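Numbering (UniProt numbering), first residue to last: 1 to 451.
The structure appears below as structure tokens.
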Amino acid sequence: MPSEASSVQKLSESFYTPFLSDVAKARLPSPIRSLLPLEATPGLLSLLAGKPNPTTFPFTSLSFTAHAPPSEDGKPAGHDIAVKVSGSDLAAGLQYGPTNGMTPLVDWFSDLQRAVHGRERGEGWALSVGSGSQDLLSKAIIALLNPGDAVLVQSPVYAGVIPLFHSLKCEQIEVEADAEGISTDSLRDTLNNWPADKPKPKVLYTIPYGGNPTGATATLERRREVLQLARQHNFLIMEDDPYYYLYYGNDAERPPSYFAMERADTSCAGHPVGRVLRFDSISKILSAGMRIGFASGPAPILRAIDAHTATANLQPSSLTQVIAHSLLNAWGFDGFLAHTRDVSKFYREKRDVFEAAMQRHLTGLAEWSAPQSGLFFWFKLLIPGADSASVVRAQAFERGVLALPGTVFLPNGRSTAYVRAAFSLLSPEEVDEALKRLRDTILDARAAATT
Ligand SMILES: Cc1ncc(COP(=O)(O)O)c(C=O)c1O
1 MPSEASSVQK
11 LSESFYTPFL
21 SDVAKARLPS
31 PIRSLLPLEA
41 TPGLLSLLAG
51 KPNPTTFPFT
61 SLSFTAHAPP
71 SEDGKPAGHD
81 IAVKVSGSDL
91 AAGLQYGPTN
101 GMTPLVDWFS
111 DLQRAVHGRE
121 RGEGWALSVG
131 SGSQDLLSKA
141 IIALLNPGDA
151 VLVQSPVYAG
161 VIPLFHSLKC
171 EQIEVEADAE
181 GISTDSLRDT
191 LNNWPADKPK
201 PKVLYTIPYG
211 GNPTGATATL
221 ERRREVLQLA
231 RQHNFLIMED
241 DPYYYLYYGN
251 DAERPPSYFA
261 MERADTSCAG
271 HPVGRVLRFD
281 SISKILSAGM
291 RIGFASGPAP
301 ILRAIDAHTA
311 TANLQPSSLT
321 QVIAHSLLNA
331 WGFDGFLAHT
341 RDVSKFYREK
351 RDVFEAAMQR
361 HLTGLAEWSA
371 PQSGLFFWFK
381 LLIPGADSAS
391 VVRAQAFERG
401 VLALPGTVFL
411 PNGRSTAYVR
421 AAFSLLSPEE
431 VDEALKRLRD
441 TILDARAAAT
451 T
């Protein structure tokens, strides 16, 4: 199965055929988009695509200012830089572009994957840009799963993927998670006790840093075990990682990503790479409204995702990609990474303020572990027989505070005493007031539960 095309041993293209869904296999290539790359042939006169003539577009230039990245030691630069998009860059931004993303941005992100995750180009993986990572997640799920397939899902899980699995009528096999991330005991038990006459799950969906909703980050040991189980039981890992760059830890060293580990971790030595499909997002670090995310992983799966894009939305927006690239190019990798450190510091401070208020108001009324990345606290209401849905949706709302009941993060939708609270936006004063209101709500609910 493995082939030895470069220095790294990788899984062969044919390895992925049984992993692709019937829909992905049946999808016809877009007749126009599949020929578009040929337009780059030197000397060619293209009569191919119905591209509008850009001289008819009214935009003549685009200028914006952005913060200069902080210095290495985290000091804010204190000034803005001016970025201008004009000429051929603007023309490209206003025109249709490649299905998998604008080439300069795809190249920038690919180089970032090399710098951050140690993945060299030409080692069997590809990268596509999407309209947010959600776009790519939904297309990947359609590319990999047939209706009714079993899928391993870290639980509790990002509420945005449950409807995707649900609409495909997938059997969502919940893999428990705790403060150390996904539970490998739960994963191992499930797989070791899998019925012999039933096809094993092909995919594990996991959020390794700052899991939404729990905020937990998987430890190095857990990650190693997950990779080992993936090889043993032959599944692919969907590593959904929008909180990677927000990691603030508990002063603990950041563990490497699955994408990095399958290439370089000693526990994976001697095994071919190609089991990890990684999803990154710029939503939490540059802008959520630009709708830009990128998927990196085995080329056959990325081709299936691109084939879906070619017929669904043709491509992510050229213009926001060109804007993002202009900024990233002006900053460079060092500037980008300095900015992400600044963002993670910002959220760490927000977390600390929120936790201090939790301690002031909810000690003895709720239980929690501090998140290590992301924007959320996940806590259990200490109310006898509590179903957080009724407490949060009705009683807390009446007292003027809103949070999400834990049930929406459970694939099987069972009731739970857990609640998710986002701490990204409120000021310290507002946090204090929100948690006071929550305390009063919990006290009422406890009184009601004991009468
Ligand atoms: C775990 C997870 N995955 C994916 C997404 C979607 O992010 P994007 O804005 O890149 O589509 C989110 C958004 O909150 C998320 O929490």
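Using N, Cα and C, we set each Cβ at its ideal position, and we do this for glycine too.
Please read all numbers here as calculations on a predicted model, not as lab measurements.
Listed in chain order, the alpha helix (DSSP H) elements of length 4 or more contained wholly in the stretch 248-334 are 258-264 and 299-312. For Q172, the three-state secondary structure derived from DSSP is strand.
Taking a cut-off of 8 Å on C-beta distances, the stretch 112-120 does not touch the stretch 135-155, as fewer than three cross pairs fall below it. A distance filter of 5 Å between CB atoms and the heavy atoms of ligand 1 selects the following residues in sequence order: G132, S133, Q134, Y158, I207, N212, D240, P242, S281, S283 and G293.
F379 sits close to E367, with the two beta carbons spaced by under 8 Å. In this structure, S133 lies away from A338, with their beta-carbon atoms at least 8 Å apart.
Taking C-beta separations shorter than 7 Å and ignoring five residues to either side along the sequence, the partners of R263 in its chain run V8, G118, R119 and V273, following chain order. A distance below 8 Å separates the beta carbons of Y247 and Q372.
Ranked by Cα distance from I301, the first of I282, K350 and I237 is I237. Exposed is the label assigned to P199, since fewer than 16 other Cβ atoms lie within 10 Å of its Cβ.
Counting only runs of 4+ residues, the alpha helix (DSSP H) found wholly inside the stretch 165-249 occupies 184-192 and 220-233, in chain order. For H339, the secondary structure class from DSSP, reduced to helix, strand or coil, is helix. The stretch 34-41 and the stretch 293-300 do not touch, with fewer than 3 CB-CB distances between them shorter than 8 Å. By the 16-neighbour rule on beta-carbons within 10 angstroms, S128 is buried.
The distance from the Cβ of S424 to that of K350 is about 6 Å, consistent with a contact at the 8 Å cut-off. Here S326 is buried: its Cβ has 16 or more other Cβ atoms, across all protein chains shown, within 10 Å.
Between the stretch 172-185 and the stretch 200-208, the count of Cβ pairs shorter than 8 Å is three or higher; the stretches touch. Taking a C-beta distance under 8 Å as the contact criterion, T441 and A389 do not qualify as a contact pair.
In the DSSP assignment, I81 is bridged to A66. For A126, the CB contacts under 6 Å within the same chain, skipping 5 residues up- and downstream, are A299 and L302 in chain order. Straight across, the Cα-Cα distance linking T217 with P52 is about 47 Å. Residue state for T17 is assigned as helix, using DSSP reduced to three classes.
The beta-carbon distance between G50 and V322, rounded to whole angstroms, is 21 Å. This is too long to meet the 8 Å contact definition.
Remark: C-beta atoms of R291 and S110 do not approach each other more closely than 8 Å. Taking 8 Å as the cut-off, the Cβ atoms of Y243 and S257 do not count as close. In the three-state DSSP reduction, V8 falls in the coil class, being neither helix nor strand. In the structure shown, E433 adopts helical secondary structure according to DSSP, grouped into three states. With fewer than three CB-CB distances shorter than 8 Å, the stretch 51-67 does not count as touching the stretch 8-18. Listed as beta-bridge partners of K380 by DSSP are E367 and Y418.
In this chain, V116 is not harboured by any beta strand (DSSP E); it is covered by the alpha helix (DSSP H) spanning T103 to H117. Here Q154 is bridged, per DSSP, to V175. Taking C-alpha positions only, Y96 is separated from Q315 by approximately 8 Å. Residue pairing by DSSP puts P405 in a beta bridge opposite V419. Closest option to K25, judged by alpha-carbon separation, among A140, S415 and E225: A140.
The three-state secondary structure of G385, taken from DSSP, is coil.
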